[in-house]
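Chains as they are written, first to last, in this note's numbering: chain A, 6 to 310; chain B, 6 to 310. Worksheet for the structure shown next.
There are 2 protein chains.
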Amino acid sequence: MQFHQLGYFVAVARARHFTRAAEETGTTQPNLSKQIRSLENALGTQLFVRGPSGVELTSAGEALLPHAERILIEVATAERSVHEVTSLRRGRVRVGATPSICEGLLPAALTAFHGQHPGIELEVSEGSSGVLTRDLSEGRLDVALLIAPLRVAAPDLVSTPVLRERLVLASPADADVPDQLRIADLQGRPLVMFREGYDLRDVTRRACSDHGFSPTVAIEGGEMGGVLRFVEAGLGSAVVPAMVIPSRPALKASTLGGTQGEPPLERTIAIVHRSQETLPLAVQSFVEELTDHLRSTGSPDLRQV
Amino acid sequence: MQFHQLGYFVAVARARHFTRAAEETGTTQPNLSKQIRSLENALGTQLFVRGPSGVELTSAGEALLPHAERILIEVATAERSVHEVTSLRRGRVRVGATPSICEGLLPAALTAFHGQHPGIELEVSEGSSGVLTRDLSEGRLDVALLIAPLRVAAPDLVSTPVLRERLVLASPADADVPDQLRIADLQGRPLVMFREGYDLRDVTRRACSDHGFSPTVAIEGGEMGGVLRFVEAGLGSAVVPAMVIPSRPALKASTLGGTQGEPPLERTIAIVHRSQETLPLAVQSFVEELTDHLRSTGSPDLRQV
DNA sequence: CGACCTTCATAACCAGTAGTTATGGAATGA
DNA sequence: TCATTCCATAACTACTGGTTATGAAGGTCG
Numbered sequence: 006m007q008f009h010q011l012g013y014f015v016a017v018a019r020a021r022h023f024t025r026a027a028e029e030t031g032t033t034q035p036n037l038s039k040q041i042r043s044l045e046n047a048l049g050t051q052l053f054v055r056g057p058s059g060v061e062l063t064s065a066g067e068a069l070l071p072h073a074e075r076i077l078i079e080v081a082t083a084e085r086s087v088h089e090v091t092s093l094r095r096g097r098v099r100v101g102a103t104p105s106i107c108e109g110l111l112p113a114a115l116t117a118f119h120g121q122h123p124g125i126e127l128e129v130s131e132g133s134s135g136v137l138t139r140d141l142s143e144g145r146l147d148v149a150l151l152i153a154p155l156r157v158a159a160p161d162l163v164s165t166p167v168l169r170e171r172l173v174l175a176s177p178a179d180a181d182v183p184d185q186l187r188i189a190d191l192q193g194r195p196l197v198m199f200r201e202g203y204d205l206r207d208v209t210r211r212a213c214s215d216h217g218f219s220p221t222v223a224i225e226g227g228e229m230g231g232v233l234r235f236v237e238a239g240l241g242s243a244v245v246p247a248m249v250i251p252s253r254p255a256l257k258a259s260t261l262g263g264t265q266g267e268p269p270l271e272r273t274i275a276i277v278h279r280s281q282e283t284l285p286l287a288v289q290s291f292v293e294e295l296t297d298h299l300r301s302t303g304s305p306d307l308r309q310v
Numbered sequence: 006m007q008f009h010q011l012g013y014f015v016a017v018a019r020a021r022h023f024t025r026a027a028e029e030t031g032t033t034q035p036n037l038s039k040q041i042r043s044l045e046n047a048l049g050t051q052l053f054v055r056g057p058s059g060v061e062l063t064s065a066g067e068a069l070l071p072h073a074e075r076i077l078i079e080v081a082t083a084e085r086s087v088h089e090v091t092s093l094r095r096g097r098v099r100v101g102a103t104p105s106i107c108e109g110l111l112p113a114a115l116t117a118f119h120g121q122h123p124g125i126e127l128e129v130s131e132g133s134s135g136v137l138t139r140d141l142s143e144g145r146l147d148v149a150l151l152i153a154p155l156r157v158a159a160p161d162l163v164s165t166p167v168l169r170e171r172l173v174l175a176s177p178a179d180a181d182v183p184d185q186l187r188i189a190d191l192q193g194r195p196l197v198m199f200r201e202g203y204d205l206r207d208v209t210r211r212a213c214s215d216h217g218f219s220p221t222v223a224i225e226g227g228e229m230g231g232v233l234r235f236v237e238a239g240l241g242s243a244v245v246p247a248m249v250i251p252s253r254p255a256l257k258a259s260t261l262g263g264t265q266g267e268p269p270l271e272r273t274i275a276i277v278h279r280s281q282e283t284l285p286l287a288v289q290s291f292v293e294e295l296t297d298h299l300r301s302t303g304s305p306d307l308r309q310v
């Protein structure tokens, strides 16, 4: 039994007429005769009673007809369904990002993509770069915005740096903190530290140890929101992405580095995903548009790579 | 897109392995590769990500898989459905019969057939030969047990006489009626007549007119049950099939004809159906078994033809 | 009653393809 | 590094979907 034979069968059953059905299905009458006969052989029974004045369905034909129609519909549905996926009308992208990116860059990017491809589900996971990297490798995420370079080895992942983000020292707006600091100026200054897992925690500790001292920890273990609240409350300062400051009037930012030949304190944001061919088209498209979107997002605190 | 390709696709999707799927589906691995590729071309998208350690579904493949499985199931269902019809496991036979046959011969025949083919629905219509003949011609019935010869012309019907049924004069058991009568003896005898449409009405009138007189009508217009009740009540006698008498102890039967060279009054029961090839197999089978059944039903009052 | 028409079946043929065997190339694992 | 595994490719065969041309069987109309 073959699909096209079912199509022919339905056509003949509806037209009750081989010649007309042949025209409607765009084939020739002899072929139709042969194909129907072949179908009848495959099923082991007559489907039509041929008469010179039209044809009639046998009871076997009547039994087959509704099934044949359903099969044809289902085939069309299957094709459309596949086409929807490939044409980005449906699908799912699981996006991971660090907390600060989730609050800063990601929403606008997601909004833009969703506007273009409303049929594609977007699932966001917030986490540290390490966790997200593992999620990517093991297939729980499709793409992530992380801090580069990756700490854990991940040979199957492709990492594309897109932005360099300025880090600043956040302090209470009324605090007596200079607008410009060198890294070394952090020594002895009470700092609010992120909890284990935040990239900013590691970046801060590394910057201090690179300059030969350990940070003075005022309080430890917070999420992004909590840390900023602690700073506002005057418990200390914190090293945070520059872009979180503008929306917090109770905070002031001091640049870190960028003077006297000392490089500014920055971190690199990269788009990371599994290597090529296994990527669903929806993900490929998302990665492309995310890259474009972020590359076109410039500001003094977000330098394109 | 082709049917067998969907089968291959599902096999590969389940095995995640071309070579194994080839074994399971009973083909060779190169063919499987080619067919899947052909399917992918037909759909315009990759379905699998081929890797040396097995294969993975693409998102398009994942979209296709449930549809493909449903289609395969539906095709199997269609085949089984057709096969059920041809193998008499399902179907419907619409049977017509005259009232006396419905009460006499038919029940045992239906019971026998139903025992052999319990999946086949049996629909019984009771009516006069004329009405049933029209119902047959116009497709509302599949087969009927009628009184032959047919009164109305019906070129598309096949009529097979199977039994000759003795007609007798039914009278009250205590009435003074001889056991044997000639047709001519009916003259002047009050008769209970069936309503218009009953074959027995026509048979009775014809028998009388053939002998040059009109019947004396005592009361008119009854169904089989009513007519017999009227006779029991002493309103008159009635010409009825011999086989209705035994179950009515209040009635006695007088033979009609069959003496002195006068032929016995009989009527011929025939199986009638539309001519051959358009007959559903269930009907063909029913006709065959009905014929066998009736042919083997002999009695003094029911002579085989 | 015969000529014509309609309708489906058959014959002969071509092209494309499902399926085969043999082989190659890439990645994995010992 | 070598053997193994696994999928892809090549070359070939057999079949079949599709074509045109023709035939056979029933109707229809003059």
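The C-beta atom is built at its ideal place from N, Cα and C for all residues, glycine as well. Small disclaimer: the values here were computed from a predicted structure and weren't measured.
Test item: CB-CB of residue i and residue j under 8 Å
i: Gly-96/B; j: Ala-287/B; result: yes
i: Leu-70/A; j: Leu-77/A; result: no
i: Gly-56/A; j: Ala-18/A; result: no
i: Val-136/A; j: Gly-202/A; result: yes
i: Gln-7/A; j: Gln-7/B; result: yes
i: Val-87/A; j: Ala-114/B; result: no
i: Gln-34/B; j: Gln-10/B; result: no
i: Glu-79/B; j: Arg-75/A; result: yes
i: Ser-134/B; j: Asp-204/B; result: yes
Top-ranked residue by Cα proximity to residue i, from the options
i: Val-129/A; options: Val-100/A, Leu-270/A and Gly-266/A; result: Val-100/A
i: Ile-188/A; options: Val-208/A, Pro-123/A and Gly-241/A; result: Val-208/A
i: Leu-196/A; options: Ala-159/A, Ala-238/A and Asn-46/A; result: Ala-238/A
i: Arg-156/B; options: Phe-23/B, Arg-21/B, Val-277/B and Ala-27/B; result: Val-277/B
i: Ala-175/B; options: Val-163/B, Gln-10/B, Arg-194/B and Ile-41/B; result: Arg-194/B
i: Arg-272/B; options: Val-236/B, Val-310/B, Phe-8/B and Phe-291/B; result: Val-310/B
i: Val-54/B; options: Ala-47/B, Val-87/B and Phe-14/B; result: Phe-14/B
i: Leu-93/B; options: Leu-115/A, Thr-50/A and His-88/A; result: Thr-50/A
i: Val-163/A; options: Leu-141/A, Asp-181/A and Gly-135/A; result: Leu-141/A
i: Ser-280/A; options: Asp-161/A, Gly-266/A and Val-182/A; result: Asp-161/A
i: Glu-89/B; options: Glu-79/A, Ser-64/A and Leu-146/A; result: Ser-64/A
i: Thr-302/B; options: Gln-265/B, Pro-112/B, Glu-126/B and Ala-27/B; result: Pro-112/B
i: Ser-252/A; options: His-122/A, Gln-265/A, Gly-12/A and Leu-233/A; result: Leu-233/A
Contact set for residue i: own chain, Cβ-Cβ below 7 Å, skip 5 residues either direction
i: Glu-173/A; result: Per the sequence presented here, residue 173/A reads as Val, with Glu not at that position. Around Val-173/A: Val-245, Ala-247, Ile-250, Ala-258, Ser-259, Thr-260 and Leu-261.
i: Ser-219/A; result: Cys-213
i: Asp-306/B; result: Glu-170, Arg-171, Ala-247 and Met-248
i: Ala-223/A; result: Pro-195, Leu-196, Val-197, Leu-240 and Gly-241
i: Thr-221/A; result: Gly-193, Arg-194, Pro-195 and Leu-196
i: Phe-291/A; result: Val-98, Phe-118 and Val-148
i: Glu-131/B; result: Ala-102, Pro-104 and Cys-107
i: Gly-227/A; result: Val-197, Phe-199, Arg-200 and Phe-235
Rounded Cβ spacing between residue i and residue j (contact assumed at less than 8 Å)
i: Pro-269/A; j: Gly-263/A; result: 4 Å
i: Ala-83/A; j: Ala-73/B; result: 7 Å
i: Leu-52/B; j: Glu-45/B; result: 5 Å
i: Ala-16/B; j: Thr-30/B; result: 5 Å
Same chain only: Cβ atoms within 8 Å of residue i, ignoring 5 sequence neighbours per side
i: Ile-274/B; result: Ile-106, Leu-110, Leu-150, Leu-151, Ile-152, Ala-153, Pro-166, Val-167, Leu-168, Arg-169, Glu-170 and Leu-299
i: Thr-296/B; result: Thr-165, Val-167 and Ile-276
i: Thr-91/A; result: Leu-286
i: Val-236/A; result: Ala-175, Ser-176, Pro-177, Val-197, Ser-242, Ala-243 and Leu-256
i: Val-60/B; result: Val-17, Arg-21, His-22, Phe-23, Phe-53 and Val-54
i: Arg-206/A; result: Met-198, Phe-199 and Arg-200
i: Leu-284/A; result: Asp-147, His-278 and Val-292
i: Ala-180/B; result: Gly-239, Ser-242 and Lys-257
Contact set for residue i: own chain, Cβ-Cβ below 6 Å, skip 5 residues either direction
i: Asp-184/B; result: Ser-259
i: Thr-138/A; result: Leu-155, Val-157 and Ala-159
i: Gly-124/B; result: Arg-94 and Arg-95
i: Val-182/A; result: Ser-176 and Ser-259
Open item on the list: Which complete alpha helix (DSSP H) runs does the region 16–76 of chain B hold, if anything under 4 residues is left out?
Closed with: Annotation note: the region 16–76 of chain B contains the following uninterrupted alpha helix (DSSP H) runs of length 4 or greater, listed N- to C-terminal: 23–30 and 34–48.
TODO: Run through the region 72–118 of chain A for me and flag every whole beta strand (DSSP E) of 3 or more residues, listed as ranges in chain order.
DONE: Those beta strand (DSSP E) runs which fall completely within the region 72–118 of chain A and span 3+ residues are 96–102.
Task: Ranges of the beta strand (DSSP E) found wholly within the region 136–206 of chain B, counting only runs of at least 3 - done: The region 136–206 of chain B contains these whole beta strand (DSSP E) runs: 148–153, 162–177 and 195–199.
Task: 4 or more residues per run - each alpha helix (DSSP H) lying fully within the region 229–270 of chain A - done: Here the runs fully enclosed are 229–237.
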